[in-house]
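The listed protein sequences correspond, in order, to chains A and B.
The first sequence begins at 207 in the numbering used here and counts up by one.
The second sequence begins at 20 in the numbering used here and counts up by one.
For every residue, glycine included, the Cβ atom is placed at its ideal position computed from N, Cα and C.
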Amino acid sequence: MGKKILLEHVDVPGIQTLEVYRKMGGYQAVEKALKSMNPDEVVEEVKKSGLRGRGGAGFPTGMKWSFLDKKSDKPRYLVCNADESEPGTFKDRYLMQRIPHMLIEGMICSSFALGARTSYIYVRGEMMYVIRILEKAIAEAYAAGLLGKNILGSDYSLDLYVQPGGGAYICGEETALLESLEGKRGNPRNKPPFPAVWGLYGCPTVVNNVETIADVPWIINHGGDAYAAIGIGKSTGTKLISACGNIKKPGVYEIELGVPVEEFIYSDEYCGGITEGRKLKAVVAGGSSVPILPADLILTTANNEKRLMTYESLSDGGFVSGTMLGSGGFIVFDDRQCIVRNLWNFSRFYHHESCGQCSPCREGTGWMEKVLHRIEHGHGKMSDIDLLVDVAKKIEGKTICPLGEAAAWPVASAIRHFRAEFEEHVRNPDSCLKKHLHREAALAH
Amino acid sequence: MFFSESRIKEIEEIKKRYPEGRHKSALLPVLHLAQADHSWLSVDLMDEVARLLKLEPIEVYEVASFYTMFHLKPVGKYVIEVCRTGPCCNVGAEELIHHMEDKLGIRIGETTSDGLFTLKTVECLAACGTGPVLQIGPEYHYHENLTPEKFDQLISELRAKA
């Protein structure tokens, strides 16, 4: 069993309540930080921990915090990104639903470190029931003097609010999220200036993912060095992986970074292997945006080394033979799954979610969806395959925000690794169509 | 009257979450409340939200039309939103969606003639490990690990409740 930092007490009855959470050691980090540390010391521990942003980009959290404009006399804000919408990712919802106080404790500690007096948790609107859970927990924290004026008798005060989104994947991008929090359409901003200088209401702002913030109390309690001792190299600590698709045990798992991918997929501690009688075909390891890898390349790198669940090992080989840890949304495909159909589905997603601000993304995602639709539905041409690669290339790097890349990478990687399957769809359109009609007919009975 | 007195008070409380002069931030929470009360956002209702938040009507329209959760046309009593994204499809969402259409006798985007159910597809609901998944407004409860049988049962329960 690996070390558990976030999910150690997840199954304790009543852990949703302040009383039980405190009994299990909750809010000790708030006491420690507010009574015996200054904000810079908290930032220093987070830097030492090597913690990296758990939303997908993997940027060092301590460094992100240190970019906050200290010279500005404007208020500073901490905004938690709980807009979890990346297909395959459901770890933040799980964490907020099961241990809401852990996020609130992390928000208090992190806001203290950053000098924020008002902080927001931006939760995607679809998770209305999670919003209700968080609001209840926040009310408990206020009543216990853990939020509001002079927290635990210190001179630090903080107000914390939950903000609902309205249904838009793009608001997971931090500047789109800030626009949305200001009551506008979620159109990403041009960067620079970065939020650390010009964020919410034009004030210095840090935006962090739920899991990132939830890691902070443990780091304060045990020290950055203890956190950095877990994991391998620059992949320190633990990571929540949400595993789904054709596996025996879908769910949220906390792993020590460094677990071999093969162990993660096949051991009973984690996914428990592929659904009975089927073979592993491919994996999307870090949410729908990261490159898909075929079975052989997800288990071992191109250099024939065991692939590990770390930022570095998963990206080994670049985009030629590697992928990314991303958000930890781990989607497993068995040998029944059609790569073309799945890619058409993902392309439809990105087309639907493009905010429409940049032409390459707005037009390109629609174009890719249409071409993939016709290949999947038996009207494709051989030249369509390279047309897709060409369109993907013309989106990548040419948009204000990374949704362009998120839409382009799955297309480029699926064709790179599964070109034969696309060609087969063009040559023998009936075989795939029949398979799907067959499935639909079988399920109708 | 679009809002009850207690709703108006609630909206005033929401405005206090934001700094002086930043009450536009209250727009999304208030639109959710407006939709909870009226099931969909008519132009008149959006104009009232604009008046309450001291915004131009266009500021409300452009936001309401950007976010997929807001209904700009009348909907049924229960809005059923089923996930159509990849991971759910890996575990049977496409077949389930066909079944839902057949069961209710409507297509995606339509409302049953008794005004009870509106059927919509949505993108990923962050429940990929427990798919297929749908949620039902106005409360937005999640229903996970769905099968055609479970869906039929859910519909029976909702019909009995209505």
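Based on the DSSP secondary-structure assignment, which residues constitute the bridge partners of residue i?
i	result
Gln154/B	Glu100/B and Tyr161/B
Phe536/A	Ala449/A
Leu499/A	Val489/A
Pro169/A	A query on residue 169/A cannot be resolved here, the shown segment of chain A reaching from 207 to 651 and no further.
Arg258/A	Pro266/A
Thr411/A	Tyr283/A
Thr506/A	Lys512/A
Which two residues bound the contiguous alpha helix (DSSP H) that contains residue i?
i	result
Gly268/A	Thr267 to Ser272
Val216/A	Taken as a continuous stretch (DSSP letters only), Val216/A belongs to no alpha helix (DSSP H), as it is neither H nor E.
Leu609/A	Leu609 to Arg633
Leu138/B	Counting along the chain, Leu138/B falls outside any alpha helix (DSSP H), though it belongs to the beta strand (DSSP E) covering Phe136 to Val141.
Tyr348/A	Met334 to Ala349
Asn548/A	Ile545 to Glu559
Val236/A	Gln234 to Ser242
Ala83/B	Pro76 to Ala83
His51/B	Leu46 to His57
Asp694/A	Nothing can be reported for residue 694/A: it is not among the residues displayed for chain A, which extend from 207 to 651.
Leu224/A	Leu224 to Lys229
Glu24/B	Glu24 to Lys34
Asp431/A	Gly430 to Ala434
With DSSP as the reference, label residue i as helix, strand or coil.
i	result
Thr418/A	helix
Ser441/A	strand
Val526/A	helix
Lys390/A	coil
Tyr328/A	strand
Leu284/A	strand
Lys122/B	helix
Thr481/A	coil
Thr131/B	coil
Thr571/A	helix
Pro9/B	The shown model of chain B, from 20 to 181, leaves out residue 9/B, and the question about it has no answer.
Trp404/A	coil
Ser175/B	helix
Met308/A	helix
Cys107/B	helix
Ala145/B	coil
Leu72/B	coil
Asn396/A	coil
Ser473/A	coil
Leu115/B	helix
Leu352/A	coil
Would you tell me roughly how many angstroms separate the C-alpha atoms of residue i and residue j, rounded to the nearest one?
i	j	result
Val336/A	Asn510/A	43 Å
Leu274/A	Asn414/A	13 Å
Leu138/B	Thr87/B	14 Å
Val632/A	Gly562/A	31 Å
Ile127/B	Leu609/A	27 Å
Ile30/B	Val49/B	7 Å
Glu475/A	Ile125/B	43 Å
Arg513/A	Val458/A	20 Å
Thr506/A	Arg554/A	31 Å
Ser637/A	Leu165/B	28 Å
Arg103/B	Glu113/B	7 Å
Lys28/B	Gly464/A	52 Å
Phe552/A	Leu52/B	32 Å
Gly392/A	Glu163/B	28 Å
Ile155/B	Ala434/A	43 Å
Lys454/A	Leu340/A	31 Å
Leu224/A	Glu100/B	33 Å
Gly134/B	Glu176/B	16 Å
Gly268/A	Glu250/A	7 Å
Glu602/A	Asp66/B	40 Å
Val496/A	Arg70/B	44 Å
Phe22/B	Lys35/B	19 Å
Gly371/A	Tyr328/A	7 Å
Gly451/A	Ser521/A	22 Å
Leu257/A	Thr418/A	8 Å
Residue i lies in the beta strand (DSSP E); which residues open and close that run?
i	result
Tyr300/A	Taken as a continuous stretch (DSSP letters only), Tyr300/A belongs to no beta strand (DSSP E), being part of the alpha helix (DSSP H) at Lys297 to Arg304.
Gly457/A	Gly457 to Glu462
Any C-beta of chain D sitting closer than 8 Å to the C-beta of residue i?
i	result
Arg26/B	The structure shown contains no chain D; its protein chains are A and B.
How about residue i: is its Cβ closer than 7 Å to a heavy atom in the ligand SAM?
i	result
Val216/A	Judged by which ligands are present, the structure shown has none, so any question about the ligand SAM falls away.
TODO: Could I get the ranges of all uninterrupted beta strand (DSSP E) runs contained in the stretch 354 to 387 of chain A, with 3 residues as the minimum, in chain order?
DONE: 365 to 370
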